[in-house]
Each structure stands twice: as C-alpha cells, then as structure tokens.
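Data first, discussion second: the structure below is written as structure tokens.
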Amino acid sequence: MEIVILAVVIALVAVGAISGLVVSGRKKKQLPPSGPSTTPTITAPPAEPHVGDEAAEPKEEPRRTIEEVELPKAEAPAQEAAPVVVEELPPTPEIDVPEPTAGRLVRLRARLARSQNSLGKGLLSLLSREHLDEDTWEEIEDTLLTADVGVAPTQELVERLRERVKVLGTRTPEELRALLREELLALVGTDMDRVVKTENDRETPGIVMVVGVNGTGKTTTTGKLARVLVADGNTVVLGAADTFRAAAADQLQTWGERVGAYTVRGPEGGDPASIAFDAVKEGKEMGVDVVLIDTAGRLHTKTGLMDELGKVKRVVEKHAPLDEVLLVLDATTGQNGLVQARVFAEVVDITGIVLTKLDGTAKGGIVVAVQRELGVPVKLVGLGEGPDDLAPFEPEAFVDALIGD
C-alpha cells in the first residue's frame, strides 16, 4: 500500500516538473529577441564647414561684393586703454598791422636828430661867428666833408653860403637857420621822384628787385619794405633769391609771415634766377600787387656777381619788365658805400637807393653824395632795428632833423 502511495507521489512530482518546463519555455518565447538596443540614437549637428570645404548642395544666392558682406567683429582682449596723445599744432603766426607810412619819417625825426644834428649844429655855430674869415670857411668845408657830403657838393654849398651871407650882412640866428635850411634842401633835392614804383599799366604785379652787399641789411630791408607796402594797402609775394647766404630764406619768410606775405623759396645754393622767375609767376597767379625779390650780394667775385644779377634780371623780364631796382647801402660805410654803388650800377639799372643805419652815424651827407654819384634818388631810409623803422625819405623832415629846432 505504501508502495502505491509512493509511486503516486513520484508521479505527481514528475508531472509538476514537466509543467514548469513548459511554462518556462513559453515565457522565453514571449521575450524580445536579443540584439541592439531600441533606444533612439541622438546624432550631433553637422560641423561648420571650414575654408576650402565644398558645400554638399550649392545654394542659389546672388553674389555680393566685399562692401556688402558684414564681417564679424572680433572682440579685442580686454586691456588697459593707452593714453591718448594729443599732438600740439604749431601756433599760427599772428599777423602784424604795420603803422601807416605817411609821415613816418616825421615821427622818427627825434631819433634821426640825435645822431645827425651834429652836422647842422656845427654849421650854425660856425656861421654865427662875428667874423667869417678864410679859416672859418675852411672849417665849414671840413665839417661838410667829414659828414660825407662829397667834394663837389661841398664846394657848391660853401660858395652859395659865402654869397648869401655877404648879401645878408647882419645875421641873426633865425636868419642863419632859414638860410642853411634852404641851401641844404637845394643840395638834397626836393624835385626828385622818391616814390617806390609798384604800379604799372600791365596786368602784372609791380616787380621790385632789391640788390646790395651782404651785411648792409638787404634781406631785413626787403622784409621791412614788405611791411611798408602792406601798410599802404598792397598785397605782396616775396622771392627769396639769396640762396647763398645761410638762413636768408628763413629770415625773409619770417618777415613775410608777420604781415601775411607769401614767400617763394628754393633749396640752399639753388639757382637764384629760377626762384625769382617762380616768385613772379606765383605773384601773377595769385593776383598780388607787388613781388619783392631779394638777391645775393657777394662782392668777392665781381664778375660772378654781375653775371648772376644780370641773369636774374633777364629771367624775371621774361614775365614783365622790372618796375624798380633798389640798391641798399649802409650809411655808416661812407665813401666805401659809393664804391659799392658804382659796382652795382654796372650790373643793373639802379632806380632808387635805400640807406640803412642812418640813425647810427653822423655822416648824413651820404644822402647827397650817393645821389650825385648815381643820379638816382634816395627813396627809403632805415632809422633803427624796429620792424617799422624803414621810412620813405622826405627831404624836409631830413633837413629839419639836421639843423634841429
């Protein structure tokens, strides 16, 4: 019996095991097949194309010029800002307003009288003597010669004074002063044309060439003459044709800048005639009233100087004839100035004389002597170092300064 029960139990256990295997097999069939995961794959965006890469599909876009393309602005790395350096511009030169030339010599009369009236006072003192014997007349003659009046003019003046004093008889100081004034005016000359010619009937500026030995104040005189012309309402161009003296062009340009005159210059040692030609050309194109040309004045080679000045004159006159040739003389050189005057008169036709440093000498008679030597008038006189100390020569004011009040 027990054996039957054991057999039943074993049969039941076997049946249960077989049922479990069947169920397990079914479950395995329901599982999804093994393989790659079904989780969706996330792909990275395509990399930006590099220079030189070709696009997969060309785009139909109109071509643009470089100006139409907006370039990305690169951000500069942060750094400390450099200090801004503001370059200072050179100051604009102030334009001077020269004083009027009318009556300028009268205003400078006191300065002229301080250095010149020894001549007038000496003559008045001698003429006031009670007895005018031969010794006195010789002293009068020596006084005139010492003042550089010149031999011929001195003899003429002494002869006329002798005659008039003899006729006059009694001589009061007032009569002697009037007599001496009248005779000195006749000697200096009141009928000469002393106007600096800057006007003509051509459609060109007035052309003035300034000549003279270096050291006489020629370039300074040219600059001061520009002030005289500007003061009289003229516009001026300066030609720096003295290319052989160091800094002559700089000096002249400085004078021009003070009154608003334009300066034409060239390289140091350049051709003076070429600069003079260009100055007149610029003056014509600018429509100015006057062109002033400063020239070299080297006397160590007379032939070279003559050739040079002659060339300047010929080249300038390709534009128009010269209206004025002014010779600058240092009044303190006396008779040596006459020698210089003769040399320059051989080169160009001198039309007027400028006497500089007339305030620094008691030899005012050079005015008479140089006029007699060249046959041309003294037109301007320099009476100091100031910019407006160049004055038109006025015989009456000059003689009044000689004899004093």
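When we follow my numbering, the leftmost residue of the sequence shown carries the number 1, and every step to the right adds one.
Each residue gets a CB set at the ideal place from its N, CA and C atoms; glycine is no exception.
Report yes if the C-beta distance between residue 381 and residue 292 is below 7 Å; otherwise report no.
Their beta carbons are not under 7 Å apart, which means residue 381 does not touch residue 292 by this criterion.
Which value, in whole angstroms, describes the spacing of the CA atoms of residue 230 and residue 159?
Using only the alpha carbons, I get a separation of about 44 Å.
For residue 364 and residue 248, what's the separation of their Cα atoms in angstroms?
Approximately 29 Å, taken between the alpha carbons.
Can you name the start and end residues of the beta strand (DSSP E) that residue 199 belongs to?
Looking at the DSSP string, residue 199 is not in any beta strand (DSSP E), and its letter there is neither H nor E.
Beta carbon of residue 378, beta carbon of residue 348: below 7 Å?
In this structure, residue 348 does not lie closer than 7 Å to residue 378 by Cβ.
Where does residue 330 sit, in a helix, a strand or coil, going by DSSP?
If DSSP states are grouped into helix, strand and coil, residue 330 belongs with the strands.
Any contact between the region 325 to 335 and the region 201 to 220? By contact I mean 3 or more CB pairs, one from each, below 8 Å.
Yes, the region 325 to 335 is in contact with the region 201 to 220.
Alpha carbon to alpha carbon, how far is residue 242 from residue 235? Give it in angstroms, no decimals.
So the two alpha carbons sit approximately 22 Å from each other.
Any idea if residue 375 is buried or exposed, counting beta-carbon neighbours within 10 angstroms, 16 or more meaning buried?
Residue 375 should be labelled exposed.
Taking the alpha helix (DSSP H) that residue 95 falls in, what are its first and last residues?
Taken as a continuous stretch (DSSP letters only), residue 95 belongs to no alpha helix (DSSP H), as it is neither H nor E.
For residue 338, which of 400, 110 and 368 has the nearest alpha-carbon?
Ranking the options by Cα distance to residue 338, first place goes to 368.
So which of 127, 97 and 281 has the shortest CA-CA distance to residue 206?
Residue 206 has its Cα closest to that of 281, out of 127, 97 and 281.
Which runs of the alpha helix (DSSP H), 4 residues or longer, sit entirely within the region 218 to 265?
Within the region 218 to 265, the complete alpha helix (DSSP H) runs of at least 4 residues are 218 to 231 and 248 to 259.
With distances taken between CB atoms, is the gap from residue 334 to residue 142 smaller than 7 Å?
No.
Just mark residue 285 as buried or exposed, buried being the case when its beta carbon has 16 or more other beta carbons within 10 Å.
Under this definition residue 285 is an exposed residue.
On the three-state DSSP scale, how would you describe residue 275?
It is helical.
Express the C-alpha separation of residue 323 and residue 390 in angstroms, rounding to a whole number.
Going by the C-alpha atoms only, they are around 20 Å apart.
Report yes or no: do the region 180 to 199 and the region 261 to 274 share at least 3 C-beta pairs separated by less than 8 Å?
No, the region 180 to 199 is not in contact with the region 261 to 274.
Comparing C-alpha positions only, which one of 139, 100 and 133 sits nearest to residue 119?
Of the listed residues, the one whose Cα sits closest to residue 119 is 139.
Pick from 106, 180, 290 and 165: whose alpha carbon is nearest that of residue 321?
For the residues 106, 180, 290 and 165, the minimum Cα distance to residue 321 belongs to 290.
Out of 182, 404, 397 and 385, which has the shortest C-alpha to C-alpha gap to residue 223?
That would be 385, whose Cα lies nearest to the Cα of residue 223.
When the Cα of residue 315 is compared with those of 263, 274 and 401, which residue comes out closest?
Measuring from the Cα of residue 315, the nearest candidate turns out to be 274.
Taking the alpha carbon of residue 203 as the point to measure from, which residue in 128, 319, 255 and 258 has its own alpha carbon closest?
When each option's Cα is compared against that of residue 203, the closest is 319.
Helix, strand or coil: which one does DSSP assign to residue 49?
Low per-residue confidence applies at residue 49: pLDDT is 48, beneath 50, and the placement is therefore not dependable, though the value from the model is reported in the following sentence. Residue 49 falls in the coil class under three-state DSSP.
Give the straight-line distance between the Cα atoms of residue 196 and residue 306, rounded to the nearest whole angstrom.
If I take the Cα positions, the gap works out to 24 Å.
Identify whether residue 293 lies in helix, strand or coil by the three-state DSSP scheme.
Strand at residue 293.
For a quick check, are the C-beta atoms of residue 310 and residue 279 less than 7 Å apart?
Not a contact, by the Cβ cut-off of 7 Å.
For the alpha helix (DSSP H) containing residue 386, name the first residue and the last one.
Taken as a continuous stretch (DSSP letters only), residue 386 belongs to no alpha helix (DSSP H), as it is neither H nor E.
To the nearest angstrom, report how far apart residue 254 and residue 373 are at their CA atoms.
One C-alpha to the other measures close to 34 Å.
Mapping the DSSP letters down to three states, classify residue 363 as helix, strand or coil.
In the structure shown, residue 363 sits in coil (DSSP, three-state: anything other than H, G, I, E or B).
Output needed for residue 398: all residues of its chain with C-beta closer than 6 Å, excluding positions within five of it in sequence on either side, in chain order.
Excluding residues within five positions, none has a Cβ falling inside 6 Å.
For residue 127, tell me which candidate among 173, 263 and 152 has the shortest Cα-Cα distance.
Here the closest residue by C-alpha is 173.
Considering residue 212, what are the terminal residues of the alpha helix (DSSP H) in which it resides?
First-last for residue 212: undefined, no H or E at that position.
Return helix, strand or coil for residue 357, following the three-state DSSP convention.
It is coil, neither helix nor strand.
Kindly indicate which residue of 237, 271, 277 and 245 has the alpha-carbon position closest to the one of residue 262.
The shortest C-alpha separation from residue 262 is found at 237.
Output needed for residue 313: all residues of its chain with C-beta closer than 6 Å, excluding positions within five of it in sequence on either side, in chain order.
Excluding sequence neighbours, residue 313 sits near 348.
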